[in-house]
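Residues 2 to 304, numbered by the working numbering, are exactly what the sequence shown covers, in order.
Backbone N, C-alpha and C define an ideal beta-carbon position, used for all residues, glycine too.
Reviewing the structure listed below.
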Amino acid sequence: MKRTAPGWSDVTPQHLWLNRRALIAGAGAALVAAPAAAKLTYSPSRYSTAEAPNSFEDITSYNNFYEFGTGKEDPARNAGSLTTDPWSIVIDGMVDKPGTYDLADVLKGQPLEERIYRFRCVEAWSMIVPWIGFELSGLLKRVGVQPGAKYVAFETLVRPEEMPGQRSPILDWPYREGLRLDEAMHPLTILATGLYGEEMPNQNGAPIRLVVPWKYGFKSIKSIVRISLVDKQPLATWNMLQPSEYGFYSNVNPTVDHPRWSQATERRIGAGLFAGRQDTLMFNGYESEVASLYADMDLTKFY
Ligand SMILES: Nc1nc2c(c(=O)[nH]1)N[C@H]1C(S)=C(S)[C@@H](COP(=O)(O)O)O[C@H]1N2
Ligand SMILES: [Mo]
């Protein structure tokens, strides 16, 4: 097969990679319980950016995952105890084959690819992440989307015994998100099961999470247990909490500011103290792939 895009090993300086292995080995020795992450088999993708990925440390130590606390370091500290095996996903609503699918069954026949994507949080920071995953469209085709379906709704696990953040009502649990059906079927939209060639770290949404790279990060819901095909716009957690600040669409748009801060620029995590902010790109740099989905929307307006 012809290699059409760089993989993370092509763009990550080897000393950083070796450094990372040494860190993992060190951590493993200190915390005897830490299991070795399983390696995944995957192909490169033409959808990957050539930008250098953030380090594994950046990606796994600076997180938003309110089920484990609201601080950026809380998920890394608290998510280790999440039980991710066994795991199943309820797929229901307007589908031909509704049911409770084991994770292995969800993954069956779906080709894993590495997708090195820009990732832009609504809080105006960003990273480059080498996700491993498969196109959501592959799963939706397999379960058979019925004609009346217009949206896809997603829910995260509710398990307060293992998710300390869920013991307080900071959000209306479960965390919920949704996409229009054409957004869900777009080839850039993936269900990710890993990063850096290994199974997904718990703090990043193990064992399976959504990644929609042209939308603000909160749309990319973690640790999914339910996928429903519906005919009405579904509830979405941040949109419910504060609709004037977090739209249902929430496409990355440098010309439409958040009511409390500018979205014109972003801070690249790991870039160093003197790097300065960089310009945010329309649709997070995926404009040529996705702009046609929004041909009838006024892109100077908040959605
Ligand atoms: N279930 C759930 N999914 C979630 C969140 C969350 O708090 N809970 N945070 C979102 C936000 S705001 C962002 S920016 C990304 C962060 O993903 P990362 O920690 O892998 O970078 O996850 C999104 N998905
Ligand atoms: Mo975010």
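Coil, strand or helix - residue i by DSSP
{"i": "GLY273", "result": "coil"}
{"i": "VAL123", "result": "coil"}
{"i": "VAL212", "result": "strand"}
{"i": "GLU163", "result": "coil"}
{"i": "THR190", "result": "coil"}
{"i": "GLY218", "result": "helix"}
{"i": "GLU200", "result": "strand"}
{"i": "GLU68", "result": "helix"}
{"i": "ARG47", "result": "coil"}
{"i": "MET298", "result": "coil"}
{"i": "GLY27", "result": "In this prediction, GLY27 has a pLDDT of 46, which is less than 50 and means its spatial position is unreliable; what the coordinates show is noted afterwards. Helix."}
{"i": "ARG22", "result": "Note that ARG22 has pLDDT 42, beneath the 50 cutoff, so the model's placement of it is unreliable and no number is given."}
Alpha helix (DSSP H) segment containing residue i, residue limits
{"i": "THR61", "result": "57–62"}
{"i": "ARG78", "result": "75–79"}
{"i": "SER138", "result": "137–144"}
Beta-carbon proximity of residue i to residue j, cut-off 7 Å
{"i": "THR85", "j": "PRO208", "result": "yes"}
{"i": "VAL123", "j": "TYR217", "result": "yes"}
{"i": "GLY134", "j": "THR194", "result": "yes"}
{"i": "GLU68", "j": "MET164", "result": "yes"}
{"i": "GLY145", "j": "MET95", "result": "no"}
{"i": "ASP93", "j": "SER224", "result": "no"}
{"i": "ARG1", "j": "ILE222", "result": "An answer regarding residue 1 cannot be provided, because it is not within the stretch 2 to 304 covered by the chain."}
{"i": "TRP215", "j": "ASN252", "result": "yes"}
{"i": "PRO54", "j": "GLN204", "result": "no"}
{"i": "GLU136", "j": "PHE155", "result": "no"}
{"i": "ILE90", "j": "VAL226", "result": "yes"}
{"i": "VAL231", "j": "TYR152", "result": "yes"}
{"i": "GLU52", "j": "ILE129", "result": "yes"}
{"i": "ASN285", "j": "ARG119", "result": "yes"}
{"i": "THR157", "j": "PRO175", "result": "yes"}
{"i": "PRO260", "j": "GLU246", "result": "yes"}
{"i": "THR281", "j": "THR266", "result": "yes"}
{"i": "TYR127", "j": "ARG269", "result": "Going by the sequence as given, residue 127 is Ser instead of Tyr. Yes. Within cutoff."}
{"i": "SER309", "j": "GLU114", "result": "The structure shown has nothing for residue 309, since the chain only spans 2 to 304."}
{"i": "GLY70", "j": "ASN79", "result": "yes"}
{"i": "TYR197", "j": "PHE57", "result": "yes"}
Start and end residues, beta strand (DSSP E) containing residue i
{"i": "GLU184", "result": "Note, GLU184: premise wrong, no beta strand (DSSP E); alpha helix (DSSP H) at 182–185."}
{"i": "SER229", "result": "225–231"}
{"i": "VAL153", "result": "152–157"}
Min CB distance residue i to chain B below 7 Å
{"i": "GLY206", "result": "Of the protein chains in the structure, only one exists, and it is not chain B."}
Practice task
Mind listing which residues have their beta carbon within less than 7 Å of any non-hydrogen atom of ligand 2? Chain order is fine.
Solution key: Per the CB criterion, closer than 7 Å to any heavy atom of ligand 2, the qualifying residues run in chain order as ASN65, CYS122, VAL123, GLU124, TYR217, GLY218, PHE219.
Exercise for the section: Run through the segment 240–295 for me and flag every whole alpha helix (DSSP H) of 4 or more residues, listed as ranges in chain order. Expected result: Those alpha helix (DSSP H) runs which fall completely within the segment 240–295 and span 4+ residues are 288–291.
Handout entry: Sequence ranges, beta strand (DSSP E) only - wholly within the segment 76–121, length at least 3
Key = For the segment 76–121, whole beta strand (DSSP E) runs of length 3 or above, ordered along the chain, are 89–94, 100–103, 114–121.
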